[in-house]
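Chains as they are written, first to last, in the numbering used here: chain A, 1 to 1143; chain B, 1144 to 1339.
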């Protein structure tokens, strides 16, 4: 702020420059100072000048001065050196210096006069040279034996030569050659002499001189000498010799150069005649040698590409002149391969084209066109070409390439015809290659675009020129060349040709690509035929099966594109189905089944009973099968059977449809399995109702299985009824009813179950016995013993009854019928060879006191061993034990030790027999055996003491005998006690209370073998059961569901269905615990099955359930005649679990 | 005193509420199928359940793609209807039915995925409980599985119905197509299918 204030308030500065100067001198001084300053600055700031080179004349003049000084010094040294060893050298050197000075004078004069053709007059040169010559002459005279003579002579010769004194020159050089033939300078002298003779036309002389050089060892001028000799021969018209000389020239030059350390520097020098010889020998070569192998020959001699190209170019011109087309062709090829990009290459292409056309040799037309197009590409890269030049070049090269390729095709067609060509024939491959290269080069859009723009330029330029006076000839030429040139059409033609070639040689994929390309380039309807051919060829290529993955993808995509072009046009009757089928097929082959199905169906629908229609149909069905869409397959198949197809196809389609129906059914059935299966029975029923024959039957069977897996009993019944009504002869009906019966039994639909078993038995005579036995078992479980025995009686009449049925029958008779009834029933079956029947009969025979028969009868039980069921086995062994007991009792030993021993043996046999029964584990017969063993022990204990010792024994033995028997009697008594106790323990400790156990508890011994039968009250209720539906279904699904079984049992007890409750609770006994046993006991008690009830209560009591203990005691006391049970169980049955239901 | 009691009761209520919330939304921690604490059978169960989820996910993706494709075709059909003459209406109905079915498929697949995930949670929870790794309330998990399963079965039935309807319309379409082939030609169909 202060600043601002300051600025505002500041006084204006005074303008000093408005004041007038005090003194004008001061002004002037100032001006001068400024000027000086300016100049100084200018001077300082100017750029330093370049140090320019001195002019050439100055340089040469310096050379003269140097030479002059050297001459003076040499003369002085020479004067001092008289008599010394180096005086000769000095003299030679002096002469050379004079020559050098002369040369320098000459060069000065030349530099001054400029380079021109007229000769120069330089007097100093002559003077100096003559001085040099004089020196040499003196030297030669003075030193005739000097080693430097050759040098002197040679130099002198050179001086004479430069002085124009050729005669003396020759003399000098001849002298060297003759006197010093081995000296290196001799060869150089000979070379000059040879050249001199040659220039004078004395060719033989020249040849002689040159030959001397060539005959000698290799020298730097050897190559040159051969080269010159060759030229002599050329002039002598001895081309063969000339060629040899040229070859030698090349070889020796090369050898000599290779041996030099500074060969690089020497290359291209006068001694290196390799290039010149190679080029110059062309004339003779073309005259003497054949065209064949020319290129290889020159390649063999050339040391570098440059000379080779130069030689070949010359050779090319020779062959043109000589009209030797084979050679011209080969050389042109070589030049195109090797030559640098140059105007001449364009000529070479023309030459090549011309030669090939004249020779009509198209064997390697592919490579030739490749050369032409490669040359074209290189040429076009040049940045110096104008657009019109480029256009012109393009047109020219295009024409050449096209002409060669099409001519080759014409030639091939003439030779091979126009049908089929061998795919791998080299001619065909070459032709394909030629077209391919053409298209690659000229078919690109960039090239066409460049051509079009350059054409426009040509036109523009031509117009401009014409508007001016003196139009350009070149432009006119370009214009006329480009008129009538239509590259697009040319490309189309070539594409067409190539497509045809590929097609003929069976290369469908490539042909198709080119047809497609052609179709793409053509507008609208013009390309239709090509598009169609593309489609056909792609299709053929795809069916060949030898394409790579990439080719397959491309083929299909391009086929679809080509076909889509055609689709927009109206297709002929022949084309329509082919094109549409081809499109659809590509989708099928690619695995895009959804689209394939749609399009193939369209084709099959539109073109029924045609080749394409039938194929499409088969593919549709196959695609649907791959998708496992069986329903759709069936529908499609049926639709097409109605629509129509070839008669040969109909049976196949019908078979496929039938198969699909089965598979659809299986799929539907399989859906039901697994954790998320769901109920598909309704759908299966629906399917069945819409089908006929075995399919409908299978559908219903699967529906039944589905309903069964869902434990839907009503559905099972319904389906079974449908099967019965629809397929009464179905072989599966028996299984259906059996399953229905089992399921009904599981869900406690007893009447339904028995009815189903009955029906099943009626339907299957083979399995009638087993089914009746199953019905009997079910009846037995619900307490209907009569019904059960009726079923079993019927079953046993069947010849197909098995041991299981006999065992069940025997058990029911023995357990629940008196002995007479059992006897009557079993007698009917005595001839059935059943161990179970035998066991039953044996037992009854024992009761009837027919012990001998019994013994015989039970043998089959003993022989059957473990194969007979445990109950029958125990029964049989019990009968046998009774038989043994009887025989024991019947046997009264006499006064004989042996007989007494036999009695003991019989006793032990009887005892063991009872123990065998116990070991079977069967509680009823085991307990009976224990009781009877106790009885036997009582008998034998009293009997044994009644025996007198045999008289044959000594007194002491008698006493011992008596003692022993007394002891034995005690043991037997003990055995009795133990047996009884064991029998009681079955009940007290294991909760098993069959009748013999109860007698044991009462300390009653069974006085005969009979174990009285027990009874049950049959179920009185009937009709449908509605209780606990959920638990029943749960049990049907999982019979091991203990909780459901218990809940169901409880519910049934409440519903006054003790028999059914008993059935349900029986499933839960194993793993159910004390409470379940107790409930089971209650259900049995209410059913009148006291044997079952006491078994339930007993186990519950043994487990410590208070209700079980109470119930067991109550039952035993009140209904089972064990009044002392409380005392007996006191201290044994202890309450560990309170509660439970009381009976 | 009264105030502090009120405060205390409020605090207790909140604690209870939060606990309930936690219990209701119990998070079942995942187990690894390579967990060394587990026997082979348990590992197999876990791996199977996890596989089922992956498979279900893949099916959802497939259903999604299918729906998108069909919807795109339907849109194309609506925007530039092909020249099908009298068959056009049936074609439209067919497309609509296809779209509906595809949507149903997607819903089915999504529900199946939900079921797989629910089962997986249940497997994790059961395995954890069985081998004393963690404690969970299995009841809600079981309920969730059952509920989803029920929904799935219902969707299956819906699918069957939709398929049945589509079958009818498909037959109608091909009948119409056949008539078209005999009368004005099917170029309209093919051009429409292969137009860019």
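Just so you know, even glycine gets a beta-carbon here, dropped at the ideal spot from N, CA and C.
Could you tell me which chain A residues have their CB closer than 8 Å to the CB of residue 1334 of chain B, listed as they occur along the chain? 567, 568
Got a sec: which bits of the region 496-514 of chain A sit with their beta carbon under 9 Å from any beta carbon on chain B, in order along the chain? none
What three-state label does DSSP hand residue 653 of chain A in the structure shown? helix
Please decide whether residue 492 of chain A counts as near chain B, where near means a Cβ-Cβ distance under 9 Å. no
Could you tell me whether the Cβ of residue 1248 of chain B comes closer than 9 Å to any Cβ of chain A? no
Which residues mark the beginning and the end of the alpha helix (DSSP H) in which residue 1146 of chain A is found? Lying before the first or after the last residue shown, residue 1146 of chain A is absent from chain A, which here runs from 1 to 1143.
Spell out whether any CB of chain A is found under 9 Å from the CB atom of residue 1310 of chain B. yes
Whether or not the region 956-964 of chain A and the region 1048-1057 of chain A are in contact is what I'm after, with contact meaning three or more pairs of Cβ atoms, one per stretch, closer than 8 Å; do they touch? no
Given this structure, state the Cα-to-Cα distance separating residue 498 of chain A from residue 1310 of chain B, to the nearest angstrom. 50 Å
Limits of the unbroken alpha helix (DSSP H) element including residue 1194 of chain B: 1183-1222
Going by DSSP, what residue range makes up the alpha helix (DSSP H) through residue 573 of chain A? From DSSP, residue 573 of chain A is part of no alpha helix (DSSP H); its letter is neither H nor E.
Rounded to whole angstroms, what is the Cα-Cα separation between residue 427 of chain A and residue 1201 of chain B? 56 Å
Using 9 Å as the threshold, is the C-beta distance between residue 704 of chain A and residue 747 of chain A below it? no
Burial state of residue 259 of chain A, where buried means 16 or more other Cβ atoms lie within 10 Å: exposed
Should the region 76-83 of chain A be regarded as contacting the region 142-149 of chain A, the criterion being three or more beta carbon pairs within less than 8 Å? no
List the residues of chain A that residue 1314 of chain B touches, going by C-beta distances under 8 Å, in chain order. 635, 639
Member of A:323, A:308, A:317 whose CA lies at the smallest distance from the CA of residue 347 of chain A: A:317
Beta-carbon separation (whole angstroms), residue 532 of chain A vs residue 579 of chain A, contact threshold 8 Å: 7 Å
Between residue 257 of chain A and residue 267 of chain A, is the Cβ-Cβ spacing less than 9 Å? yes
Got a sec: is the Cβ-Cβ distance from residue 1226 of chain B to anything in chain A below 9 Å? no
Can you list the residues of chain B that residue 580 of chain A reaches, using a CB-CB cut of under 7 Å? 1333
How big is the Cα-Cα spacing for residue 422 of chain A and residue 489 of chain A? 29 Å
Taking the alpha carbon of residue 324 of chain A as the point to measure from, which residue in A:680, A:339, A:294, A:298 has its own alpha carbon closest? A:294
Expressed to the nearest angstrom, what Euclidean distance is found between the alpha-carbon atoms of residue 904 of chain A and residue 932 of chain A? 18 Å
Is there a C-beta anywhere in chain C that falls below 9 Å from the one on residue 564 of chain A? The structure shown has no chain C; the protein chains it does contain are A and B.
Burial state of residue 321 of chain A (16 or more Cβ within 10 Å): exposed
For residue 1227 of chain B, three-class secondary structure by DSSP: coil
Determine the closest residue to residue 632 of chain A out of B:1314, B:1259, B:1326, with distance taken between C-alpha atoms. B:1314
Contact the region 874-884 of chain A vs the region 835-842 of chain A: 3+ CB pairs below 8 Å: yes
Contacts of residue 1253 of chain B in chain A (Cβ-Cβ under 7 Å): Residues of chain A passing the Cβ test: none, with the nearest at roughly 15 Å.
Please state whether the Cβ-Cβ distance between residue 1061 of chain A and residue 1050 of chain A is less than 9 Å. yes
With burial defined as no fewer than 16 other Cβ atoms inside 10 Å of the residue's Cβ, what is the status of residue 159 of chain A: buried or exposed? buried
Using a 10 Å radius around the Cβ and a threshold of 16 neighbouring Cβ atoms, would you call residue 749 of chain A buried or exposed? buried
Report the three-state DSSP secondary structure of residue 1137 of chain A (helix, strand or coil). strand
Under the three-state DSSP convention, the category residue 909 of chain A falls into: helix
Using 9 Å as the threshold, is the C-beta distance between residue 785 of chain A and residue 809 of chain A below it? no
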